[in-house]
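Student: Each protein sequence line maps, in turn, to chains A and B.
Its first residue numbered 579, the first sequence is counted upward by one per residue in our numbering.
Its first residue numbered 579, the second sequence is counted upward by one per residue in our numbering.
2 protein chains.
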Amino acid sequence: MQDTHIALAHGNGGRFMQELIQELFARHLANPDLDTRTDAATLPPLPEGDVMVSTDGFTVQPLEFPGGNIGSLAAHGTINDLAVAGADPKYFTLNCFIEEGLEVALLDRAIGALGASAAAAGVRVVAGDTKVVRRGEGGGIYLATTGIGIRPVGVDLGLDRIREGDRIIVSGPVGDHGIAVMLAREQFGLRGDLHSDAASVLPLTRAVRALEGIRFMRDPTRGGLATVAHEIHKSTGLAVRLQGPSIPIRDPVQSVCDMLGYDPLYLACEGRVVAVADPAASGHILEAWRSLAEGSEAVDIGEVAEGRHAVTMVTDIGGERILEELEDDPLPRIC
Amino acid sequence: MQDTHIALAHGNGGRFMQELIQELFARHLANPDLDTRTDAATLPPLPEGDVMVSTDGFTVQPLEFPGGNIGSLAAHGTINDLAVAGADPKYFTLNCFIEEGLEVALLDRAIGALGASAAAAGVRVVAGDTKVVRRGEGGGIYLATTGIGIRPVGVDLGLDRIREGDRIIVSGPVGDHGIAVMLAREQFGLRGDLHSDAASVLPLTRAVRALEGIRFMRDPTRGGLATVAHEIHKSTGLAVRLQGPSIPIRDPVQSVCDMLGYDPLYLACEGRVVAVADPAASGHILEAWRSLAEGSEAVDIGEVAEGRHAVTMVTDIGGERILEELEDDPLPRIC
């Protein structure tokens, strides 16, 4: 297509929209199960196992940041939601809401990254829809990805399986994504060598999902690690006790947080997994994860226990700090 | 929830978002397969047939119009995409992009209408995601619905099945949705008693999808009837010849179009079906549709034939008018 910027006509169902779909979307997302001329895609017969479905919307600002862009984020976000549920993601649908005036080259990079991330995880995009909204009525691009996956027979994970005494393990440092996106906004004049952790967690979840004694996995996105801890508390009625000194946080992340008053435990990760497992299994999870590049910094960070407060953290000096449920948004449009 | 307007904190993954999800979304969308605490929903075993997937985004402005709102439209749009493919829609996922400052009561009406429309079609919402964008970065609400449906064994529809000599049938008058939404914008100071035709077409498609000789169905949404005709031409290489005097258009729709210079054949419908069938089957389709309230005004409007021009229309006075492919957007944000 010859246009350098998106016009309203790229969303009207006519010739310009067909060109955009064929020359940009189909080029990056082509696969034998994608037919852009149909109203509904027919899936090949699904493999044995439970059919799982997940959906997520993406409004990250800026649209590109160190370590990714809104397209790779939209792929990884839905891949990861299915992965932590124990499933293998198979098929995606994609919704784009594009603001009039967006640079076509930027859209091309975003959809290119989405296509590459999906393909790397074995996911095929089978259907999509594009809407163009008037200048001033959008934020450049908003994306939504819906994923269909298959959870192999025998994998059983859920908040309801968590028991008193279970250990909590995290696959790597927390808060990188939140801080990397914030620095990319440049509003603070800060620059770091930080990259978002945004990535597929499928290698991590596949390595441990069928282990004896694993109870539950979640990716700590919006609201961060502290919010996952609160979900565990709400669902089980038990307390979550984190060991502050054990929680991996990169120095530059901690420095920026100290400077600006953020708590890294509430910042989004987009490529980490929190697992809950019985004490006998936690060692196996650590071992499996540390043998992978994605999990080389995995650590046991605490336990599920009886307790007076929902979520607490033992501090460096041995005190106990209460981690409240998130109310205000520390960083809007982070994913 | 006590808030009257949406704040950024309703999208941050914390307590306010949980309240919004529980007290608004879950209230309207509750069903045994919806668990708002999980990352991915597990579907019950799917019935026999082909699994089909479709997705659509909705940005209609205004958010409420005579005959529907963005919520009912988002339900009917994806129900209809699966329906015209010959499938029964079963499960939905829902994405909401909400602009900070939106009235909670309006959101409540939209999600209420979405839930009621889905339930009426036998569809369960199984997963969802909500993002809140800053004031000025959205259009009130944008929605995306993704539907999973099952096409019964033996149903076989597609553009590739269309043959020379096939008839084209439309289930009712065209252009009502486009004109109703446009009038609701009030920018022309016009008022009519027009309602959008937005509705589920599932009764129509179920009645005819397994008939001998039916080739293809589509709902003429963005770009209208003329755009469906162009899709048929592009896919088959054959011409589409419409009989102008046969095409049902309500008087007030034609009047408004005449006044403002729109062509109703390019305006969106959201509750009509265009079917292509061999001549022997077209009578059976007309009979089946006319026995239903949704199809009481169904008519045969033309044929697929060899021809020099892609899409033409025989006019009232017997002339032939060429219907060009849509380029400019006559009415943006119509769906």
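Built from N, CA and C at the ideal position, the CB exists for glycine as well.
None of these values were measured; they are calculated from a predicted model.
Assuming the contact rule is C-beta atoms closer than 8 Å, I747/A and I879/A should be a hit. Round their C-beta distance to whole Å, please.
Tutor: Confirmed, about 7 Å.
Student: With 7 Å as the limit, tell me which residues of the segment 628-662 of chain B have their beta carbon closer than that to any beta carbon of chain A; keep them in chain order.
Tutor: Correct list: D628, V629, M630, V631, S632, T633, D634, G635, T637, D659, L660 and V662.
Student: From the DSSP secondary-structure annotation, give me the bridge partner or partners of Y720/A.
Tutor: In the DSSP output, where bridge partners are listed per residue, Y720/A has F675/A.
Student: Please decide whether L838/A counts as near chain C, where near means a Cβ-Cβ distance under 8 Å.
Tutor: No chain C is part of this structure, whose protein chains are labelled A and B.
Student: On a Cα-Cα basis, can you pick out the residue from Y840/A, F603/A, V682/A and I657/A that is closest to R796/A?
Tutor: When each option's Cα is compared against that of R796/A, the closest is I657/A.
Student: Could you name the residues of chain A that D617/B contacts, counting a contact when the two beta carbons are closer than 7 Å?
Tutor: Chain A residues near D617/B: S632, D659, V662, A663 and R796.
Student: My guess is that V733/B and R800/B are in contact by the Cβ rule of under 8 Å, so how many angstroms apart are they, rounded?
Tutor: That belief does not hold up - the Cβ atoms of V733/B and R800/B are roughly 25 Å apart, past 8 Å.
Student: At 7 Å on the CB atoms, spell out the chain B contacts of F594/A, in chain order.
Tutor: What F594/A touches in chain B: E905.
Student: According to the Cβ coordinates, are C847/A and D775/A closer than 8 Å?
Tutor: Yes; because the gap between Cβ atoms is below 8 Å, this pair is in contact.
Student: Count the other C-beta atoms from every protein chain shown that fall within 10 angstroms of the C-beta of T724/B, then say buried if there are 16 or more, exposed otherwise.
Tutor: Buried is the call here.
Student: Quick one: is P798/A buried, meaning 16 or more other Cβ sit within 10 Å of its Cβ, or exposed?
Tutor: It is buried - the Cβ of P798/A has at least 16 other Cβ atoms within 10 Å.
Student: Measure the C-alpha to C-alpha separation of A699/A and H654/A and round it to an integer number of angstroms.
Tutor: Their Cα atoms are separated by approximately 9 Å.
Student: Between which two residues does the beta strand (DSSP E) harbouring V892/B extend?
Tutor: Looking at the DSSP string, the run of the beta strand (DSSP E) that includes V892/B is V889 to V892.
Student: Going along the chain, which residues of its own chain have a beta-carbon closer than 6 Å to the beta-carbon of L843/B, five neighbours each way excluded?
Tutor: Once the five neighbours on either side are set aside, the close Cβ partners of L843/B are G802, L803 and A804.
Student: Could you tell me whether the Cβ of R899/A comes closer than 8 Å to any Cβ of chain B?
Tutor: Not an interface residue.
Student: Report the partner residues of R636/A according to the DSSP bridge assignment.
Tutor: Rather than Arg, the amino acid found at residue 636/A in this sequence is Phe. Bridge partners of F636/A: L721/A.
Student: Mind listing, in chain order, the continuous alpha helix (DSSP H) runs of no fewer than 4 residues lying wholly within the segment 847-902 of chain A?
Tutor: Runs found: 857-868.
Student: Going by DSSP in three states, H773/B sits in which element: helix, strand or coil?
Tutor: DSSP places H773/B in coil when its eight states are reduced to three.
Student: What residues from the segment 669-693 of chain B come within 8 Å of chain A, judged by C-beta to C-beta, listed N to C?
Tutor: For the segment 669-693 of chain B, which is checked against every Cβ of chain A, the residues closer than 8 Å are Y669, T671, L672, N673, C674 and F675.
Student: Are the segment 614-622 of chain B and the segment 662-677 of chain A in contact at 8 Å, needing three or more beta carbon pairs?
Tutor: With the cut-off at 8 Å, the segment 614-622 of chain B and the segment 662-677 of chain A touch.
Student: Please classify Q600/B: is it buried, with 16 or more other beta-carbons within 10 angstroms of its beta-carbon, or exposed?
Tutor: Exposed, because fewer than 16 other Cβ atoms sit within 10 Å of the Cβ of Q600/B.
Student: Judging by CA-CA distance, which residue of L680/B, P751/B, D738/B and H862/B is the nearest neighbour of V572/B?
Tutor: Any answer about residue 572/B is impossible in this case: the structure gives chain B only from 579 up to 913.
Student: Determine, for L607/A, whether the minimum Cβ-Cβ distance to residues of chain B falls below 8 Å.
Tutor: Not one chain B Cβ lies under 8 Å of L607/A.
Student: Taking L721/B as the reference, which of L864/B, I648/B, G750/B and E715/B has the closest Cα?
Tutor: For L721/B, the nearest C-alpha among the options comes from I648/B.
Student: Using a Cβ-Cβ distance cut-off of 8 Å, determine whether S824/B contacts chain A.
Tutor: For S824/B, the answer is no, since every Cβ of chain A falls outside 8 Å of its Cβ.
Student: Are any of the Cβ atoms in chain A nearer than 8 Å to that of A722/B?
Tutor: Cβ-Cβ to chain A under 8 Å: yes for A722/B.
Student: In chain A, what lies closer than 9 Å to G706/B by C-beta?
Tutor: What G706/B touches in chain A: T633.
Student: Out of I792/B, H887/B and A785/B, which has the shortest C-alpha to C-alpha gap to R868/B?
Tutor: Among I792/B, H887/B and A785/B, the Cα nearest to that of R868/B is on A785/B.
Student: Just reading off the alpha helix (DSSP H) that V806/A is part of, what are its end residues?
Tutor: Here the alpha helix (DSSP H) through V806/A covers G802 to T814.
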